[in-house]
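Right, one structure below, let's go through it.
Protein chains: 2
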Amino acid sequence: MIERKRQSAIERKPAILKAFFEVIEKEGFENASVAKVAMKAGVHPSLVIHYFGTKEKMVLELVDEVLATYADLFRRLPKDGPPLERLERLLQLVWSREWHEAASFAVVFSFLALSQRDDEVRKRVRNLYNNYRRYLQVQVCFFAEEGVIRIDDVEAAVEALISLSEGSHYFCRFHIDNGTFDSHCQHMIVAAKRILGVQSPDI
Amino acid sequence: MIERKRQSAIERKPAILKAFFEVIEKEGFENASVAKVAMKAGVHPSLVIHYFGTKEKMVLELVDEVLATYADLFRRLPKDGPPLERLERLLQLVWSREWHEAASFAVVFSFLALSQRDDEVRKRVRNLYNNYRRYLQVQVCFFAEEGVIRIDDVEAAVEALISLSEGSHYFCRFHIDNGTFDSHCQHMIVAAKRILGVQSPDI
DNA sequence: TAATTAATTGAACATTCATTTAATAGCGTA
DNA sequence: TACGCTATTAAATGAATGTTCAATTAATTA
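Protein chains in written order, with the working numbering: chain A, -2 to 200; chain B, -2 to 200.
Right, here's the structure in full:
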């Protein structure tokens, strides 16, 4: 006892959330107890409750944090520049190591499972993807108008693009070794270009 | 007490697994306790342990059962018939209501999260998809040889096809209302055909 | 320095957890 | 009818669960 490391709520709360994340990643959502999180954070279980009220609220705060990292990724998608170059940057970013490593599969999948039961979580996931979807719609429209792609249905192309990228992230977790990641990304970019009907010399 | 409903292990075990599945779906993997499963199955918790040994083993048995339903789906994929018709049947099956409703998102996602930690589960998931992958490779090769599709790289096309279909199932859970499911499937089939470079009059 | 506020812990809470062991009840066979 | 097997439960286990409340310690302000 004694030797209390005193910190402000502003630094302590994120530290506890980080510990929560790590415990989930290592032991699974179903085994991530308040006690373990407190232990990992080097703190008394009471303090966890003191800051978050209940475990449930803590889960929701972590969900928000994780979804925010996705929102950050989306925010970095290109919004200007010449059409063909912009398209190329878009695809390169979606299928980059950075995006692939952005989130923990174990944590995210637990939250997606949770979203099927918890309306609050579901709403936030939905909202996140709606933003992504709207962004792609605008871009795909632009590309079509500029004549760098040829599609019949913008909505359909966007649905396919999102499905391909989400499915690809999923696919990688089970089928891609370290050595094959880059070539897989190339495959996906080629597929995306086919879906979009890219009109370009290099395809 | 009294009024024991006596059943054989052959009927009781599946009944308990079914109860387990339902509890997970309703309350989440993290809240599916042995006691709740027993309650749902109308049975004493001891009996659950008696049949499965430990909760962990019960989880593994349920994983096997769920994966088996996927294997059943894969088994129904077309393996003969004229190339173009076979391709059409393949796509229609992958993007059918039946496939979409085949499994519980909440349960499956919990298991996928689990697979990141549990090597046994991981191995089985991987194995399942390897079968799917091999099947598609054979078919895509065949379609290419028969000239109904035009692709540069079989491996790449298969990766894209799987990614698109898995991502699509995921996509549907958050973005598709009941009314838009059919049109979404149509969009995906069009995208798949573009990926495969289908050489046909109706595209 | 004294008073106030916020961070942190200690100890206890009632529940629930998965599991064990021993007892009981129903069925098939001899 | 008696026996043996298996299904099933009863009861109890210690550990772990999330949470409460009061006490204590450290920093901030007066």
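Even for Gly, the Cβ is constructed at its ideal location relative to N, Cα and C.
Which residues in the same chain have their Cβ closer than 8 Å to the Cβ of residue i, if we skip the five residues on either side of it in sequence?
| i | result |
| --- | --- |
| CYS169 (chain A) | HIS97, PHE178, HIS181 |
| GLN4 (chain A) | ALA12 |
| ALA68 (chain B) | LEU125, ASN128 |
| VAL151 (chain A) | GLN134, VAL137, CYS138, ALA141 |
| ALA100 (chain B) | VAL63, THR66, TYR67 |
| GLN196 (chain B) | GLY144, VAL145, ILE146, ARG147 |
| ILE61 (chain B) | According to the sequence shown, residue 61 (chain B) is Asp rather than Ile. Excluding positions up to five away in sequence, the list reads ARG121. |
Go to residue i, then tell me how far its alpha helix (DSSP H) extends in each direction, as first and last residue.
| i | result |
| --- | --- |
| LEU74 (chain B) | Taken as a continuous stretch (DSSP letters only), LEU74 (chain B) belongs to no alpha helix (DSSP H), as it is neither H nor E. |
| VAL118 (chain A) | 116 to 143 |
| GLU163 (chain B) | 151 to 172 |
| HIS41 (chain B) | Where HIS41 (chain B) is concerned, there is no enclosing alpha helix (DSSP H), given that its DSSP letter is neither H nor E. |
| GLN89 (chain A) | 80 to 91 |
| PHE106 (chain A) | 102 to 112 |
| ARG94 (chain B) | 94 to 97 |
| ALA29 (chain A) | From DSSP, ALA29 (chain A) is part of no alpha helix (DSSP H); its letter is neither H nor E. |
| SER5 (chain A) | That residue, SER5 (chain A), is in no alpha helix (DSSP H); it is neither H nor E in DSSP. |
| ILE186 (chain B) | 178 to 193 |
So which residues of chain B does residue i contact, with C-beta pairs closer than 9 Å?
| i | result |
| --- | --- |
| LEU161 (chain A) | ALA157, SER160, LEU161, GLY164, SER165, ALA188, ILE192 |
| ALA153 (chain A) | SER180, HIS181, GLN183, HIS184, MET185, VAL187, ALA188 |
Alpha carbon to alpha carbon, how far is residue j from residue i? Give it in angstroms, no decimals.
| i | j | result |
| --- | --- | --- |
| ALA141 (chain A) | LEU84 (chain A) | 11 Å |
| ARG121 (chain B) | ARG130 (chain B) | 14 Å |
| ILE(-1) (chain A) | MET55 (chain A) | A caution first: ILE(-1) (chain A) carries a pLDDT of 46, below 50, which makes its placement in the model unreliable, though a value can still be read off. Computed Cα separation, rounded: 27 Å. |
| LYS190 (chain A) | LYS190 (chain B) | 13 Å |
| ARG147 (chain A) | LEU14 (chain B) | 50 Å |
| GLU163 (chain A) | ASN175 (chain A) | 19 Å |
| PHE108 (chain A) | LYS10 (chain A) | 20 Å |
| PHE49 (chain A) | VAL187 (chain A) | 46 Å |
| GLY25 (chain B) | ALA110 (chain A) | 8 Å |
| PHE171 (chain A) | GLU156 (chain B) | 12 Å |
| ARG114 (chain B) | ASN28 (chain A) | 12 Å |
| ALA35 (chain A) | LYS33 (chain B) | 28 Å |
| LEU193 (chain A) | ILE192 (chain B) | 10 Å |
| ARG72 (chain B) | LEU158 (chain B) | 17 Å |
| SER43 (chain B) | GLU58 (chain B) | 18 Å |
Leaving out five residues on either side along the sequence, give the residues of the same chain with a beta carbon under 7 Å from the beta carbon of residue i.
| i | result |
| --- | --- |
| LYS37 (chain B) | ALA16, GLU19, VAL20 |
| LEU74 (chain A) | LEU87, LEU90, TYR132 |
| LYS52 (chain A) | VAL31 |
| HIS166 (chain A) | HIS97 |
| VAL203 (chain A) | Nothing in the structure corresponds to residue 203 (chain A), since chain A is present only between -2 and 200. |
| ILE173 (chain A) | HIS181 |
| LEU70 (chain A) | TRP96, ALA99 |
Using the Cβ count rule (16 or more neighbours within 10 Å means buried), how would you classify residue i?
| i | result |
| --- | --- |
| HIS41 (chain B) | exposed |
| GLY39 (chain B) | exposed |
| ILE7 (chain B) | exposed |
| GLN136 (chain B) | buried |
| GLU95 (chain B) | exposed |
| HIS47 (chain B) | exposed |
| GLY78 (chain B) | exposed |
| SER160 (chain B) | buried |
| GLU117 (chain A) | exposed |
| GLU82 (chain A) | exposed |
Report all residues from its chain with a CB closer than 6 Å to the CB of residue i; omit the five preceding and five following residues, and keep chain order.
| i | result |
| --- | --- |
| GLY144 (chain A) | none |
| ALA224 (chain A) | Outside the shown range of chain A, which is -2 to 200, sits residue 224 (chain A), and nothing can be said about it. |
| ARG119 (chain A) | SER112 |
| ALA153 (chain A) | none |
| PRO80 (chain A) | PHE140, GLU143, VAL145 |
| TRP92 (chain B) | CYS182, MET185, ILE186 |
Quick one: list the residues of chain A neighbouring residue i, beta-carbon separation under 7 Å, in chain order.
| i | result |
| --- | --- |
| GLN113 (chain B) | PHE102, ALA103 |
| GLU27 (chain B) | PHE26, GLU27 |
By the criterion of Cβ-Cβ separation under 7 Å, what are the contact partners of residue i in chain B?
| i | result |
| --- | --- |
| VAL122 (chain A) | PHE171 |
| TYR129 (chain A) | Near TYR129 (chain A) there are no residues of chain B at all, since even the closest Cβ is about 10 Å away, more than 7 Å. |
Listing by chain order, which chain A residues have their CB less than 8 Å from the CB of residue i?
| i | result |
| --- | --- |
| PHE106 (chain B) | PHE106, SER107, LEU109, ALA110, GLN113 |
Show which residues of chain A have a CB atom less than 9 Å away from the CB atom of residue i.
| i | result |
| --- | --- |
| PHE168 (chain B) | TYR126, GLU156, ILE159, SER160, GLU163, GLY164 |
Verify the contact flag: residue i, CB atom, against every heavy atom of the ligand HEM, threshold strictly below 7 Å.
| i | result |
| --- | --- |
| ARG73 (chain A) | Absence of the ligand HEM is noted for the structure shown, with no ligands found whatsoever. |
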